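Engineer: The structure that follows is given in the form of structure tokens.
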Amino acid sequence: GVGFTRNPGTGENKLYGEYLINAQGEDVVAGIRTPKPLDRLTVEMPQMAEELAELRAKLETHYREVQDFEFTIERGVLYCLQTRNGKMNAQGMVRTSVEMEQEGLISKEQALQRIDPISLEQMLFPRLDPSSKVEPVAQGLPASPGAAAGIAVFDADRAHQLGHDLGQKVILVREETKPEDIHGFFASEGILTARGGKTSHAAVVARGMGKPCVAGAEGISVDVSRREAIVGATSFKEGDTITIDGSSGR
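Sequential numbering from 32 applies to the sequence shown in my numbering.
Shown next, in the form of structure tokens:
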């Protein structure tokens, strides 16, 4: 199995990881078979689950840092194979820093020094409510972080008219953007393009402006003349509200 002493995504103080019975470590990380969450170990091997909880406490007390470790259980014996400092996103880093300081594992100075100041930008962008279980209609590239919602518009002039002149929240939807679309960018909450990557014009300009952008959403076909976009079996027209998440590309 592979485990983190705390959740690397949220920072929650709970053992996080996966394991496979009758397998090697490579089987877990290669993604050939679907592993089970570590919570299940309490059902399948309660004694081992207790020992794993002890190991987790030992690792954190010794290293004073969230650990990403690998283990094997062979003939009823738990072996810790290796451990290293766990990689986490900004949210996870902030929460673990605060909680580890409160638990007396690290000092306030150490808590502050764990966090890369640039990564804190991730915490400041508007984002979608993580508890909402909405299925995205398409997946693109996360070109510029943050979430935005607004009515779909398909050309820069219209975006400027609705967004700038009438003060409505709009999302500019294009096949790809060109430099002459810039006035539409200023008037939009976010930008969605069907083509292009993370270094496309739309992505670079949106990042520079600090606006959310999803680029290269291949599943979307944009018809500018009819002012609508087709996504698989569904479609949305000008005036329909859409939401984009530039942090995940959804």
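No residue lacks a Cβ here, since even glycine has one placed at the ideal position from N, Cα and C. Model, not experiment: these values are computed from the prediction.
(1) Among the residues of its own chain, which have a CB less than 8 Å from the CB of T92, if the five just before and after it don't count?
(2) If you run the structure through DSSP and keep just helix, strand and coil, what is D58?
(3) Tell me N116's beta-bridge partners as DSSP assigns them.
(4) Looking at the structure shown, is K67 part of a helix, part of a strand, or coil, going by DSSP?
(5) Output yes or no for whether 7 Å exceeds the beta carbon distance between V33 and E75.
(6) Go to F267, then tell me how far its beta strand (DSSP E) extends in each direction, as first and last residue.
(7) Go ahead and label D99 buried or exposed: buried means 16 or more other beta carbons lie within 10 angstroms of its beta carbon, across all protein chains shown.
(8) Just grab the DSSP bridge partners of F35 for me.
(9) Could you give the C-beta distance for A178 and T274, rounded to a whole number, given that I count them as a contact under 8 Å?
(10) If contacts are defined as beta-carbon pairs under 8 Å, then V129 and M154 qualify, I think. What distance do you get, rounded to the angstrom?
(11) Could you give the DSSP three-state label for G221: helix, strand or coil?
(12) How big is the Cα-Cα spacing for E220 and P148?
(13) Once the 5 residues before and after H195 are set aside, which same chain residues still bring their CB inside 6 Å of it?
(14) Quick check: the Cα distance between N116 and M79, rounded to an integer number of angstroms?
(15) Figure out for me which residue from L203, T224, L172 and D70 has the closest Cα to the Cα of R281.
(16) Can you tell me the Cα-Cα spacing of P157 and A190, whole angstroms?
(17) Which term fits I52, buried or exposed, when burial requires 16 or more other beta carbons within 10 angstroms of its beta carbon?
Structural biologist: The structure says:
(1) Cβ within range, chain order: L136.
(2) Note: D58 maps to helix in three-state DSSP.
(3) Assignment of beta-bridge partners to N116 by DSSP yields Q98.
(4) Strand.
(5) No.
(6) Unbroken beta strand (DSSP E) run through F267: T265 to K268.
(7) Classification for D99: buried.
(8) DSSP lists Y47 and D99 as partners of F35.
(9) At roughly 7 Å, the Cβ-Cβ gap stays under 8 Å, so A178 and T274 are in contact.
(10) Contact between V129 and M154 is ruled out by a C-beta separation of about 12 Å, above the 8 Å threshold.
(11) Strand at G221.
(12) Distance between the alpha carbons of E220 and P148 is about 26 Å.
(13) Taken in chain order, the residues that qualify are A218.
(14) Each residue's Cα considered, the two are about 23 Å apart.
(15) Of L203, T224, L172 and D70, the residue nearest in Cα terms is L172.
(16) P157 and A190: Cα-Cα distance of roughly 21 Å.
(17) Its Cβ having fewer than 16 others within 10 Å, I52 is exposed.
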